[in-house]
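Residues -9 to 91 (the working numbering) are what the sequence shown spells out, left to right. Notes follow once the structure below has been shown.
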Amino acid sequence: MGAKSQGAEMPMEKFREIIRLHELGRNQTEIARSCKVARSTVQDYLRRAASKSLDYLQLEQLSDSEAQTLLGKGKRKTQALPETILQREASPTPIAMYIAS
-9 MGAKSQGAEM PMEKFREIIR LHELGRNQTE IARSCKVARS TVQDYLRRAA
41 SKSLDYLQLE QLSDSEAQTL LGKGKRKTQA LPETILQREA SPTPIAMYIA
91 S
């Protein structure tokens, strides 16, 4: 039995299947079992699709990267810390500066 990859990106095919099953009237527990994902994942994806008013047919017309970007599930870019913070962390302030004179 393989390890589960929590937080890993789900293939858009599976996302589309979640939406398709929902539109067919399946409940979240049935969808989660069928797609082998957590029920909370089903809830999250249904919420994301609803917030953008997307249905299965619309998702089918989008490329995977377009759908991921639209739904906020694309790869996140990490933002670098401002240089001033990095400089402060690199050269710690002596404790004497914090002592009232």
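Glycine residues also receive a C-beta, built at the ideal position from the N, C-alpha and C atoms.
Between residue 38 and residue 14, the alpha-carbon positions lie close to 18 Å from each other. Beyond the five residues adjoining it in sequence on each side, residue 46 comes within less than 6 Å, by CB distance, of 9, 10 and 13 in the same chain, given in chain order. When rounded, the separation of the alpha-carbon atoms in residue 42 and residue 7 is 17 Å.
The DSSP assignment places 2 to 13, 18 to 25, 29 to 41 and 46 to 51 as complete runs of the alpha helix (DSSP H) inside the segment 2 to 53, in order along the chain (cut-off: 4 residues).
Rounded to whole angstroms, residue 20 and residue 4 show a C-alpha spacing of 14 Å.
Counting other Cβ atoms within 10 Å of its Cβ, residue 28 stays below 16 and is therefore classed as exposed. Residue 2 and residue 54 do touch by the CB rule: their CB atoms are close to 4 Å apart, below 8 Å.
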